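Novice:
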Amino acid sequence: MSQIDVIKEVVRYEQLLRENSTNHVLKGEYLIRDSQYPDMKEVLGVDSKATITNKEVLGDKVMVEGQLVYIVFYLPKDEVITDSPTNKIHSVIFTDKFANYLDLNSDEHNIICDVECEIEHIEANWMNERKVGIDGVLTLKWEMYKNGEFEYVKDIEGKEDIQIKKKDEMLNSVKGEKEIDLMGKSMLKVTMDKPEIEEILKCSMNVHKKEIKLVEDKVYIGCYCKIEILYKGKENKELITLQDDVYLSKEEEMPGISGDMISSLNLNIKDQQYAINLDDLGENRVVDVEFVIRGNVKVYSKDKIEMLKDAYSPTMNIDISKDEKEFGAIHSVNNVEATAKDNVELKNSDERIEQIISVMGNPIITDKMVDDDKVKVEGIVKTAIIYKVAGEELGYGIITGEIPFITAADVKGAKKGMNALVKVSLESIDASIEGNSISVKANVGLTIKVCYKVKKECVTDVIEGPSEVKEKKSSVTIYVVGQDDTLWDLAKKYNTTMDELNRLNELEGNENIKSGDKLIIPGRALF
């Protein structure tokens, strides 16, 4: 019967395998089939949104499917409004689907794939009175993870004279993951100083001011959702915007988590619906909006655990098995903000801007780099602005531009060679008229997760060795301490204990021996 009991524990971890990005070409021709929409005279611009609807691992590939929504703004053919100096503007919505694949490497099994999609470029072109062509580039950003685990020896019990040396290690493990849905509602009312609603051209939403808090066995998430309605007035066909900022929050049970753990939060609009309703006077002055925001919460522990480093017995042979393990570790998750500011010039220098109607922004990361104690991030905010032209029959225009930003986030302890996973979101965007150009200022939120690979030597098993009895060959040895000697190594080599060496040499438990010291050692080593 074994004289030792080995106590083992299992660590579960998440490790980043690689990052990748692929481009998907968007190209299609779309017909205006509904007879309620007039023929097109000129395409002003297009707004677009891409959403991932399905993700699946199929053999040696990861398949991603998604939906595309295009909102095309155009001027109608031969339609002039007599009671207004502006032409009537229309919008029409087209939907499409996309699918893409990522090839897996031969050693990538049981992987987890996080995918984000963003439209890098989009443009719409007039083809004929009922047909519009849309060309663009959709970028898919992939993060490949594996969930792994390994077993290590934490302690040994049993035989009284077994000597144990332990070490402390910082390890991360996935403590919980959960999808949380936030339901939101808003009622936007048109005041009497604005025209009644004839048609809603666009309903846009932006999630910002995200927050997450961890407490014992619970997680709290919250955010604001900014809603903007762009509608066409009934009387004079002017374009008007309505805005609201709705706060949402929710608390969910997550057993096993605590407030000192590391968390990450992704929030996205999953569904939205709106309807025009009548006010008390029977006029179209109310817009009811309902939407769903889906949040993905992931919580990681940052535990300081004890691992067995070495062990021996002065009276019994012990065989120790060690193995080098590679696993993923999270350094930190930081939230910072950056500001993008620049001017967008009009293509037609003869135009004069009377009013900015609406400004939209889509932030994109173009570069990132981990340096000592810093993470540098560069990006652009792709912006589209609807404006009213002064003194022209063609009353509205759309202009697009790219507003650059750069920031260096302070991340204490970050080092070159680590990986930075950066998520970007639009916090706010504003535009103002500056001469014959438009000044755009946007604030973007950055969530920076710094991670790295770790290699650690772990004791994986301890068993009894051959049963021959250890015998000491001399009563005492005078040993001169060498440069790299430690009290533990000497005690193990000479089949004694650190307590015995401390007692004989009156070291009082001090392990800081130095080169040249002379130590009395009972017995001598067995070879």
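Residue numbers (the working numbering): 290 to 816. Just so you know, even glycine gets a beta-carbon here, dropped at the ideal spot from N, CA and C. Computed from a predicted model, the values in this text were never measured in an experiment.
1) Just curious, the alpha helix (DSSP H) that A780 is in, first and last residue?
2) Report the rounded CA-to-CA distance for E797 versus G437, giving the unit in angstroms.
3) With DSSP collapsed to three states, give me the class of E412.
4) Figure out for me which residue from S475, L364 and T340 has the closest Cα to the Cα of L427.
5) Kindly indicate which three-state DSSP category L567 falls into: helix, strand or coil?
6) Roughly how many angstroms separate the alpha carbons of G812 and E298, rounded to a whole number?
7) Ordered along the chain, which non-local residues of its own chain (more than five positions away) have a Cβ less than 7 Å from that of L391?
8) Buried or exposed: D294, going by 16 or more other Cβ atoms within 10 Å of its Cβ?
9) So, under 8 Å CB-CB, K692 and A627 are touching, yes? Tell me the CB distance rounded to an integer number of Å.
10) Thinking D560 and V581 are a contact (beta carbons under 8 Å), I'd like their distance in whole angstroms, please.
11) For I296, does the count of other Cβ atoms within 10 angstroms reach 16, so buried, or fall short, so exposed?
12) From the DSSP output, in three-state form, read off L429 for me.
13) Looking only at C-alpha atoms, which of G754, I687 and D482 sits nearest to E331?
14) Among K657, Y676 and D662, which residue has its Cα nearest to the Cα of N668?
15) Can you round the beta-carbon distance between V381 and Y326 to whole angstroms, since I take them to be within the 8 Å contact cut?
16) Give the secondary structure of D788 by DSSP, where H, G and I count as helix, E and B as strand, and everything else as coil.
17) Residues bridged to P484 by DSSP?
18) So does the stretch 507-518 actually touch the stretch 533-551, counting three or more Cβ pairs closer than 8 Å?
19) Where does S804 land, buried or exposed, given buried means 16+ other C-beta within 10 angstroms?
20) For A388, collect the residues of the same chain with a Cβ closer than 6 Å to its Cβ; drop the 5 residues on either side in sequence, then sort them by chain order.
21) Residues in the same chain with beta-carbon distance under 7 Å from K491, minus the five sequence neighbours each way, listed in chain order, please.
22) Starting from the Cα of E500, find the closest Cα among G724, I321, S552 and D403 and give me that residue.
23) For a test of the three-state rule: what should DSSP assign to L393, helix, strand or coil?
24) Within 10 Å of its beta-carbon, does T375 have 16 or more other beta-carbons around it, so buried, or fewer, so exposed?
25) Exposed or buried, R307, counting other C-beta atoms within 10 Å across all chains shown (16 or more means buried)?
26) Using DSSP with H/G/I as helix, E/B as strand and the rest coil, what is N637?
27) Would H398 be called buried (16 or more neighbouring beta carbons within 10 Å of its own) or exposed?
28) Buried or exposed: where does T823 fall if 16 or more other Cβ atoms within 10 Å of its Cβ makes it buried?
29) Whole alpha helix (DSSP H) runs in the stretch 428-503 with 4 or more residues, listed along the chain?
30) Going by Cα to Cα distance, which pick from N624, G571 and P365 is closest to K526?
31) Using DSSP with H/G/I as helix, E/B as strand and the rest coil, what is N725?
32) Check N801 in the structure and name its three-state DSSP category.
33) Going by the C-beta, is K701 closer than 7 Å to any heavy atom of the ligand MN?
34) Please go through the same chain and pick out, in chain order, the residues whose beta-carbon is closer than 7 Å to the beta-carbon of N566, but skip the five residues on each side of it.
35) Between the beta-carbon of V853 and the beta-carbon of L556, is there less than 8 Å?
36) Roughly how many angstroms separate the alpha carbons of A780 and K704, rounded to a whole number?
Specialist: In brief:
1) Your numbering for residue 780 matches position 491 in the sequence shown. Start and end: L776 to K782.
2) Sequence index remark: in the sequence shown, residue 797 carries index 508 (1-based). Sequence index remark: in the sequence shown, residue 437 carries index 148 (1-based). Distance between the alpha carbons of E797 and G437: 44 Å.
3) Taking the sequence shown and counting its residues from 1, one reaches residue 412 at position 123. In this structure, E412 counts as strand in the three-state DSSP scheme.
4) By one-based count along the sequence shown, residue 427 stands at place 138. The residue with the shortest Cα to Cα distance from L427 is T340.
5) The sequence position of residue 567 within the sequence shown is 278, counting from 1. The answer is strand: DSSP assigns L567 an E or B state.
6) Translated into the one-based positions of the sequence shown, residue 812 becomes position 523. Translated into the one-based positions of the sequence shown, residue 298 becomes position 9. Spanning the two alpha carbons is a distance of roughly 36 Å.
7) In the sequence shown, residue 391 corresponds to position 102, counting from 1. Taken in chain order, the residues that qualify are N309, T311, K350, V351 and W431.
8) Along the sequence shown, one-based indexing puts residue 294 at 5. Exposed is the call here.
9) Translated into positions along the sequence shown, residue 692 becomes position 403. Translated into positions along the sequence shown, residue 627 becomes position 338. The identity of residue 692 in the sequence shown is Ile, whereas the question assumes Lys. Their Cβ separation, rounded to whole angstroms, is 11 Å, which puts I692 and A627 out of contact at 8 Å.
10) Position 271 of the sequence shown holds residue 560. Position 292 of the sequence shown holds residue 581. Yes, they are in contact, since the Cβ atoms of D560 and V581 sit about 4 Å apart, within 8 Å.
11) The residue given as residue 296 occupies position 7 in the sequence shown. The residue is exposed, with fewer than 16 neighbouring Cβ atoms inside 10 Å.
12) Here residue 429 is taken as the residue at index 140 of the sequence shown, counted from 1. Correct three-state label for L429: strand.
13) As a first step, residue 331 must be located in the sequence shown, where it is residue number 42. When only C-alpha atoms are compared, the closest one is I687.
14) If you number the sequence shown from 1, residue 668 lands on position 379. According to the sequence shown, residue 668 is Gly rather than Asn. Checking every option, the nearest Cα to that of G668 belongs to K657.
15) In the sequence shown, counting from the first residue as 1, residue 381 sits at position 92. In the sequence shown, counting from the first residue as 1, residue 326 sits at position 37. Confirmed, about 5 Å.
16) As a first step, residue 788 is located in the sequence shown; it is residue number 499 there, counting from the start. Note: D788 maps to helix in three-state DSSP.
17) Here residue 484 corresponds to residue number 195 of the sequence shown, with the count starting at 1. DSSP output for P484 lists no bridge partner at all.
18) yes
19) Taking the sequence shown and counting its residues from 1, the one referred to as residue 804 is at position 515. Exposed.
20) The residue you call residue 388 lines up with position 99 of the sequence shown. Correct list, in chain order: E354.
21) Indexing the sequence shown from 1 puts residue 491 at position 202. So the list reads D336, I360, S380 and L519, once near-sequence residues are dropped.
22) Residue numbering aside, residue 500 sits at position 211 when the sequence shown is read from its first letter. Ranking the options by Cα distance to E500, first place goes to S552.
23) For this step, residue 393 is matched to residue 104 along the sequence shown. Here L393 sits in coil by DSSP.
24) Position 86 of the sequence shown, counted from the start, is the residue given in the question as residue 375. Confidence in T375 is poor, its pLDDT being 46 and thus under 50, which makes the residue's placement unreliable; the coordinate value appears in the next sentence. Flag for T375 reads buried.
25) Here residue 307 refers to the residue found at position 18 of the sequence shown. Classification for R307: exposed.
26) Looking up residue 637 in the sequence shown gives position 348. DSSP places N637 in coil when its eight states are reduced to three.
27) For the purposes of this step, residue 398 is identified with residue 109 of the sequence shown, where counting begins at 1. So H398 ends up on the exposed side.
28) Given a span of 290 to 816 for the chain in the structure shown, any question on residue 823 remains unanswerable.
29) none
30) To locate residue 526, count along the sequence shown from 1; it is residue 237. Nearest of N624, G571 and P365 to K526, Cα basis: P365.
31) As a position in the sequence shown, residue 725 is number 436, starting the count at 1. Correct three-state label for N725: coil.
32) One-based indexing of the sequence shown puts residue 801 at position 512. Three-state DSSP puts N801 in coil, outside helix and strand.
33) In terms of ligand content, the structure shown is empty, and the ligand MN therefore cannot be addressed.
34) Position 277 of the sequence shown holds residue 566. V575 and D577, listed in sequence order.
35) What the structure shows of the chain is the stretch from 290 to 816, and residue 853 is not part of that stretch, so it cannot be assessed.
36) Within the sequence shown, numbered from 1, the residue matching residue 780 stands at position 491. Within the sequence shown, numbered from 1, the residue matching residue 704 stands at position 415. If you take the alpha carbons of A780 and K704, they lie about 38 Å apart.
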